[in-house]
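Asks: In terms of my numbering, the sequence shown opens at residue -1 and continues consecutively. No residue lacks a Cβ here, since even glycine has one placed at the ideal position from N, Cα and C. Computed from a predicted structure; not experimentally measured.
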Amino acid sequence: MDLNIAGKRALVCASSKGLGRGCAEALAEAGCALVMNARSAGPLEAAAKEISAAHGVEVTAVAADIVDPAGRAEVLEAAGAVDILVTNAGGPPPGYWTDWDRDDFIDALDGNMLTPIALMQALVPGMIERGWGRVVNITSRSVKAPLLPLGLSNSARAGLTGFTAGTSRQIASKGVTINNLLPGVHDTARIDQMDDAMAEQQGISREDARRIRAEGIPAGRYGDPGEFGKMCAFLCSDHAGYIVGQNIVLDGGETFATI
Ligand code: NAP
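Structural data, given as structure tokens:
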């Protein structure tokens, strides 16, 4: 299927690795020019070169912390007017609900709620003026069903979800859509860290931790960042203009819910 977005310009935040990179790859495959971002310049520049060479599109790499206001300003300056925005950043650390103080909550809100909101506030007005735009926020399946050690993530991402539920409907008639993608377990560096933590806790190998985790997923496997990216590209496509304010779970069936 032609997604009909060749030539559009997309900003994909936190995209040198993992789910962000999957989204950048799929948008490049659809013919979009990219602005990619991550904090470490080396892996970001390598990813940008690989994607540009594989898909023949222009890729601008901006090494900056998207959560830091100065870093975000640098990214926005390089991005200019974009048609597509994919928001993403690292997730908050795990813990127990009594562990966290106000500063921990502020950090989580900054990373996983206020940063995507600031990016939308900066870029969506231009999309509205031009009459076409797509925003996809990478959130988490913890929005549908809480993940017990991830209380900071559960809280901050619920705030973003509330914001997008209202805002997406305020702007839908302008040709601009906002939707959220809710990943479950995907094969990325973040999950490697969680598998290592589980392996250490239970005195087992990472392979065993991975096998046990995969057995708990109805699909029987981890998700692939490439397939996640293709769903993102579809939501950013010309065909997805009637999908508004949705929360789409990509988790191999792990969240047990009827709707
Ligand atoms: P990942 O494989 O660790 O990749 C994270 C990417 O984001 C890297 O490119 C990293 O590069 C960049 N990054 C992190 N913090 C950044 C910042 N402040 N500014 C700019 N770039 C930043 O992680 P992932 O698994 O793709 O996860 C992406 C998001 O999805 C996270 O919020 C995670 O909590 C959420 N999530 C993931 C899963 C999963 O199974 N993977 C499940 C649910 C939710 P640098 O380190 O160089 O900045």
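1) Would you decide whether asparagine 110 is buried or exposed? Buried here means 16 or more other CB atoms lie within 10 Å of its CB.
2) Taking C-alpha atoms, which residue in Leu158, Leu148, Ala68 and Arg139 lies nearest to leucine 107?
3) Provide the residue(s) that pair with histidine 184 in DSSP beta bridges, ordered along the chain.
4) Taking Cβ positions only, does phenylalanine 254 come closer than 8 Å to chain C?
5) In terms of alpha-carbon separation, which member of Leu32, Val73, Glu205 and Ile169 lies closest to glutamate 127?
6) Measuring CB atoms only, is the region 53 to 71 touching the region 211 to 224, in the sense that at least three cross pairs come out at less than 8 Å?
7) Sorted by chain position, which residues of the same chain lie with C-beta nearer than 8 Å to arginine 155's C-beta, five sequence neighbours on each side aside?
8) Helix or strand or just coil, what does DSSP make of methionine 34?
9) Can you have a look at arginine 219 and say buried or exposed, based on whether 16 or more other CB atoms are within 10 angstroms of its CB?
10) Measure the CB-CB distance between serine 235 and leucine 1 and report whether it falls below 8 Å.
11) Report yes if the C-beta of proline 41 is less than 7 Å from at least one heavy atom of the ligand NAP; otherwise report no.
12) Roughly how many whole angstroms lie between the Cα atoms of leucine 83 and proline 90?
13) Whose CA, out of Cys30, Ser14 and Leu25, lies closest to the CA of glycine 5?
14) Hey, quick one: how far does the alpha helix (DSSP H) through isoleucine 104 stretch, first residue to last?
15) Inspect the beta-carbon positions of arginine 7 and valine 80 and report whether they are closer than 8 Å.
16) Do glycine 239 and glycine 182 have their C-beta atoms within less than 8 Å of each other?
17) Using C-beta distances below 6 Å, list every residue in its chain close to alanine 143, excluding the 5 sequence neighbours before and after it, in chain order.
18) Hey, out of Glu43, Gly201 and Leu9, whose CA is closest to glycine 131's CA?
19) Nearer than 7 Å: is that true of the beta carbon of leucine 17 relative to any heavy atom of the ligand NAP?
20) Please determine, among Thr175, Asp206, Gln191 and Ala76, the residue with the shortest C-alpha to C-alpha distance to valine 262.
21) Please check the pair glycine 88 and alanine 12, which I expect to be a contact at CB under 8 Å, by giving their CB distance rounded to whole angstroms.
22) Taking the alpha carbon of alanine 44 as the point to measure from, which residue in Ala207, Asp97 and Ala59 has its own alpha carbon closest?
23) Just to check, is the beta-carbon of isoleucine 64 closer than 7 Å to a non-hydrogen atom of the ligand NAP?
24) Determine the closest residue to aspartate 97 out of Gly129, Glu213 and Leu150, with distance taken between C-alpha atoms.
25) Of the choices Lys228, Ser203, Ser166 and Arg211, whose alpha-carbon is the least far from that of glutamine 119?
26) Write down every uninterrupted run of the alpha helix (DSSP H) in the region 75 to 147 whose length is 4 residues or greater and which is fully enclosed by it, in chain order.
27) Aspartate 159 lies in the alpha helix (DSSP H); which residues open and close that run?
28) Have a look at the DSSP bridge pairing and note the partners of asparagine 245.
Replies: A quick look at the data gives this:
1) buried
2) Leu158
3) Gly221
4) Among the protein chains of the structure shown there is no chain C, as only one such chain exists.
5) Ile169
6) no
7) Asn110, Met111, Thr137, Ser138, Ser140 and Val141
8) strand
9) exposed
10) yes
11) yes
12) 22 Å
13) Cys30
14) 100 to 107
15) yes
16) no
17) Thr253
18) Leu9
19) yes
20) This structure gives no information on residue 262, because the portion of the chain shown stretches from -1 to 257.
21) 7 Å
22) Ala59
23) yes
24) Leu150
25) Ser166
26) 100 to 107 and 113 to 128
27) As written in the sequence, residue 159 is threonine, which differs from the aspartate given in the question. It spans 149 to 169 - the alpha helix (DSSP H) in which threonine 159 sits, taken as one unbroken run.
28) Asn178
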